[in-house]
Amino acid sequence: MLLKMIYTVTQNYGLAIIFFTIIVKLAMLPLTLSQNKSMMEMNKIQPLIQDIQKKYPKDKQKQAELTTQLYKEHGVNPMMGCLPLLVQMPILFALFRALRNPVEYVFGSETLFQVADTSFLWLKNLSSPDIITIGGFAFPFIFPIVAAAATFIDTKMTMLKNDKKKEKQKDGKQNQPENPGESMQKTMLYMMPLMIFWWGRSFPAGLSIYWAVSTLFSIAQRKIVERISLSKEKGTQAIERRK
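Take the sequence shown: its position 229, counted from the start at 1, is 229 in UniProt numbering, and no numbers get skipped.
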């Protein structure tokens, strides 16, 4: 397993998980960029989709046919938004299994596991949850909090970006019906961080580290992509003004 190979090099369990996370995110970069491109196109055609909904308010079949045709014309795949998460799920399950049984999947033998340093920062064992006990009750500690906060920030940034694009597309038009996807996103803004925080009570601390690093990487990646896109857009506008 990749995690085992990285640990062999670093000889540090926590660093091995962090480097494993970064390698996974870099490997998924082409897929993530394709997702961003597809979502940008999706935002561009939202006014056209809403026009179809207004034109055929009672004919759901006609709406579906014309919307599908619109997706094909603009090269948009509605499922692309879920694809990176679907790809990550098997990785999460594999990592969960490895962290629950590090002797078999990381260290290779009980002897190596006993002499290995499985601690990281304040954590004595990354296979155990990162929790603090208060009054006999276990509460998620630092990494679950960081993972939950990062997930909230990541989702909020996406929503703010979509809201800005929506405002630009209005151009004085009347308020348009809310996209069902936006309602789901608003629900997940609070639901997902709470779930990640609560899972921290029972899941291995290594999994919280993976989620925290993965989400922080996504936030940094999004900001870089946005800056590159903005720079290209300004360059294109400058060229058009010169013509």
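We put the beta carbon where it would ideally sit given N, CA and C, even for glycine. As the structure is a prediction and not an experimental result, all values here were calculated from the model.
Span of the beta strand (DSSP E) holding Thr133?
Ile131 to Ile134
When the Cα atoms are used, what is the spatial distance from Glu108 to Gly200?
Before going further, note that residue 108 is Gly rather than Glu in the sequence given. If you take the alpha carbons of Gly108 and Gly200, they lie about 26 angstroms apart.
For my contact list, Thr118 and Leu112 are in at a C-beta cut-off of 8 angstroms; report their separation, rounded to the angstrom.
At roughly 11 angstroms, the Cβ-Cβ gap does not stay under 8 angstroms, so Thr118 and Leu112 are not in contact.
Identify, in the order they occur along the chain, each residue of the same chain with its Cβ nearer than 7 angstroms to the Cβ of residue 244, setting aside the five sequence neighbours on each side.
The chain is shown from 1 up to 243; residue 244 falls before or after that span and cannot be answered.
From the DSSP secondary-structure annotation, give me the bridge partner or partners of Leu123.
Phe120
Roughly how many whole angstroms lie between the Cα atoms of Lys186 and Met159?
8 angstroms
First and last residue of the uninterrupted alpha helix (DSSP H) at Val87
Leu83 to Arg100
Sorted by chain position, which residues of the same chain lie with C-beta nearer than 8 angstroms to Leu121's C-beta, five sequence neighbours on each side aside?
Gly14
Please classify Gln11 as buried or exposed, where buried requires at least 16 other C-beta atoms within 10 Å of its C-beta.
exposed
Ignore the nearest five residues each way along the sequence and tell me which others in Val115's own chain have a CB closer than 8 angstroms to its CB.
none
Please classify Pro57 as buried or exposed, where buried requires at least 16 other C-beta atoms within 10 Å of its C-beta.
exposed
If I measure Cβ to Cβ from Ile239 and keep anything under 7 angstroms in the same chain, skipping five residues before and after, which residues do I get?
Cβ neighbours of Ile239 beyond the five flanking positions: none.
Quick check: the Cα distance between Glu104 and Lys4, rounded to an integer number of angstroms?
10 angstroms
Using CA coordinates, which residue listed in Phe197, Asn36, Pro102 and Val9 is at the minimum distance from Ile219?
Asn36
Buried versus exposed call for Lys44 [16 or more other C-beta atoms within 10 Å across all chains shown]:
exposed
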